[in-house]
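**Student:** The structure's right below; bear with me while I get my questions together.
Residue numbers (mature numbering (1 follows the signal peptide of the UniProt record, and there is no 0)): -29 to -1, 1 to 354.
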């Protein structure tokens, strides 16, 4: 698996709609998304709609799944999209593949009732929780819902974690004499003008996680992200921090030789760049271990409600979860699959090594942290 696009690029303007079909009212969902008199738009489980077979039949009638911000090379989305198409014969349209979580939410709110509204969402967990609070998401529990750890899913299924990883340091070993292994290292003068984030933490789940990890490394906690903000302000003042988004292109050109990003993305870069002579190494920082997952959700007003629910079933199936693993992402059902003997052991063995058991901030803690970042990030790291 290679990684060539960043899903958390920074966008300063309104979401671009140039490649989006003309806005029209959504009139076909009720016609195509029923099975035996049941509506897919209100189905909270596949069983409630008549089973996976009935759901697949209704989804095939809809014919299309409209997604947003799913680059093919992020957490193995290319293989997942191809696998879904092959299995069900349903067209998958992906708009704005380099978009961020906030772009997805903006598309939902601005296109309510339109044919080109997103059916499904892939969101940083804090953004998923916010969307649920705003009433934007449809409750739906996939077949393996009960096996997802309680802390990684909404109790009524408005969102559930799908895949994730740890904040890590990717480093161009040919351009950087000694690659950093801790947040403390990043403050060393030798890293002047070399350190970047994958986007803006007010919009990007990975950059948000980086600030949280920095907080944990500097005396903060899930209740106190301010030390992370202070750390990046200090990093900026030292001249080590680059206020540009790290992407495969910036890495290849040597513009961002150190990238703070999810370990599955950095591990994917290692594979991609090897053939180009670039030695990209990955380390999970010893002093700021922060793990986070991306959540799946269905737009409450999805124009293709059956396809949306079928997509969710595929992502959380054994096939879908093992495809995540092949993209270096840690699937939410990893422990359950390990217990059932269905986990791809070879793929699991290639994951970046991390010790200890991850813990996660609560919905309230993440919401509070987002407020701090939204109010202070501009002055902390971009001035």
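Ideal placement from N, C-alpha and C gives every residue a C-beta, glycine not left out.
Cutting at 7 Å between CB atoms, please list the residues of its own chain near residue 59, excluding the five before and the five after it.
**Tutor:** Hits under 7 Å: 27, 30, 31, 281.
**Student:** Taking just the CA atoms, how far does residue 86 sit from residue -8?
**Tutor:** Low confidence applies to residue -8: its pLDDT is 36, below 50, so where it sits in the model is not reliable enough to give any reading.
**Student:** Give the range of the alpha helix (DSSP H) segment to which residue 76 is assigned.
**Tutor:** Element bounds for residue 76: 72 to 81.
**Student:** In angstroms with no decimal places, state the Cα-to-Cα distance between residue 229 and residue 148.
**Tutor:** So the alpha carbons of these two residues sit roughly 12 Å apart.
**Student:** Considering only C-alpha positions, which residue in the set 41, 107, 90 is nearest to residue 70?
**Tutor:** For the residues 41, 107, 90, the minimum Cα distance to residue 70 belongs to 41.
**Student:** Identify the continuous beta strand (DSSP E) that holds residue 132 and give its terminal residues.
**Tutor:** Taken as a continuous stretch (DSSP letters only), the beta strand (DSSP E) holding residue 132 covers 131 to 143.
**Student:** Which term fits residue 295, buried or exposed, when burial requires 16 or more other beta carbons within 10 angstroms of its beta carbon?
**Tutor:** Buried is the call here.
**Student:** Taking the C-alpha atoms as reference points, what is the distance between residue 252 and residue 304?
**Tutor:** Rounded to the nearest angstrom, the two C-alpha atoms are 27 Å apart.
**Student:** Looking only at DSSP bridge pairs, what is residue 195 linked to?
**Tutor:** Per DSSP, 192.
**Student:** Using DSSP with H/G/I as helix, E/B as strand and the rest coil, what is residue 211?
**Tutor:** The answer is coil: DSSP assigns residue 211 none of H, G, I, E or B.
**Student:** Can you give the beta carbon distance from residue 55 to residue 63, rounded, assuming they're within the 8 Å contact cut?
**Tutor:** Yes, they are in contact, since the Cβ atoms of residue 55 and residue 63 sit about 6 Å apart, within 8 Å.
**Student:** Do residue 259 and residue 76 have their beta-carbon atoms positioned less than 8 Å apart in this structure?
**Tutor:** Taking 8 Å as the Cβ cut-off, residue 76 and residue 259 do not qualify as a contacting pair.
**Student:** In three-state DSSP terms, what is residue 109?
**Tutor:** Coil.
**Student:** I want to know whether the region 124 to 142 touches the region 222 to 242 - three or more CB-CB distances under 8 Å.
**Tutor:** The answer is yes - the region 222 to 242 touches the region 124 to 142, with three or more Cβ pairs under 8 Å.
**Student:** Secondary structure at residue 42, three-state DSSP: helix, strand or coil?
**Tutor:** Looking at residue 42 - three-state DSSP - the assignment turns out to be coil, as it is neither helix nor strand.
**Student:** State the CB to CB distance for the pair residue 274 and residue 88, rounded to an integer number of angstroms; the pair is presumed to be in contact (CB under 8 Å).
**Tutor:** Confirmed, about 6 Å.
**Student:** Taking three-plus beta-carbon pairs below 8 Å as touching, is the region 102 to 122 in contact with the region 195 to 208?
**Tutor:** Flag = no, the region 102 to 122 and the region 195 to 208 do not touch.
**Student:** Can you tell me whether residue -1 is buried or exposed? The criterion is at least 16 other CB atoms within 10 Å of its CB, across all chains shown.
**Tutor:** Confidence in residue -1 is poor, its pLDDT being 47 and thus under 50, which makes the residue's placement unreliable; the coordinate value appears in the next sentence. Looking at its Cβ environment, which holds 16 or more other Cβ atoms inside 10 Å, residue -1 is buried.
**Student:** Just to confirm my understanding: we take residue -6, look at its own chain, exclude 5 residues before and 5 after, and list those with CB closer than 7 Å. What are they?
**Tutor:** Unreliable positioning characterises residue -6 in this predicted model, as indicated by a pLDDT of 37, which lies under 50. The coordinate reading is nonetheless provided below. Cβ neighbours of residue -6 beyond the five flanking positions: 85, 86.
**Student:** Here's the rule: buried if 16 or more other CB atoms are within 10 angstroms of the residue's CB, otherwise exposed. What is residue 224?
**Tutor:** It is exposed - the Cβ of residue 224 has fewer than 16 other Cβ atoms within 10 Å.
**Student:** Note down, one range per segment and in chain order, each beta strand (DSSP E) of at least 3 residues found wholly within the region 195 to 278.
**Tutor:** Entirely contained in the region 195 to 278, the beta strand (DSSP E) runs reaching 3 residues are, in chain order, 212 to 216, 229 to 233, 251 to 254, 262 to 269.
**Student:** Is DSSP giving residue 9 helix, strand or coil here?
**Tutor:** In the structure shown, residue 9 sits in a strand (DSSP, three-state: E or B).
**Student:** Between the region 150 to 169 and the region 317 to 327, do at least 3 Cβ pairs fall closer than 8 Å?
**Tutor:** No, they do not touch.
**Student:** In the DSSP assignment, what residue or residues form a beta bridge with residue 359?
**Tutor:** Residue 359 lies beyond the residue range present for the chain, which begins at -29 and ends at 354; the question has no answer from this structure.
**Student:** If you follow the alpha helix (DSSP H) that residue 316 is part of, which residue opens it and which one closes it?
**Tutor:** Looking at the DSSP string, the run of the alpha helix (DSSP H) that includes residue 316 is 316 to 320.
**Student:** What does the alpha-carbon distance come out to for the pair residue 346 and residue 197?
**Tutor:** Going by the C-alpha atoms only, they are around 11 Å apart.
**Student:** Considering Cα atoms alone, identify which of 200, 135, 214 is closest to residue 176.
**Tutor:** Taking only the C-alpha atoms, the option nearest residue 176 is 135.
**Student:** Along the chain, where does the alpha helix (DSSP H) that runs through residue 22 open and close?
**Tutor:** It is not in any alpha helix (DSSP H) - residue 22 carries neither H nor E in the DSSP assignment.
**Student:** With 16 as the cutoff for other CB atoms within 10 Å, does residue 262 come out buried or exposed?
**Tutor:** Label assigned to residue 262: buried.
**Student:** Cβ of residue 15 within 7 Å of any heavy atom in the ligand GDP?
**Tutor:** Of the ligands one can find in the structure shown there are none, so the ligand GDP has no counterpart to examine.
**Student:** Buried or exposed: where does residue 298 fall if 16 or more other Cβ atoms within 10 Å of its Cβ makes it buried?
**Tutor:** When all chains shown are included, residue 298 counts as buried.
**Student:** Going by C-alpha to C-alpha distance, which of 267, 226, 327 sits closest to residue 90?
**Tutor:** If we check each option's Cα against that of residue 90, 267 comes out closest.
**Student:** Determine the DSSP secondary structure at residue 147, reduced to helix, strand or coil.
**Tutor:** Correct three-state label for residue 147: coil.
**Student:** State buried or exposed for residue 306, treating a residue as buried only when at least 16 other CB atoms are found within 10 Å of its CB.
**Tutor:** Exposed: under 16 other Cβ atoms inside 10 Å.
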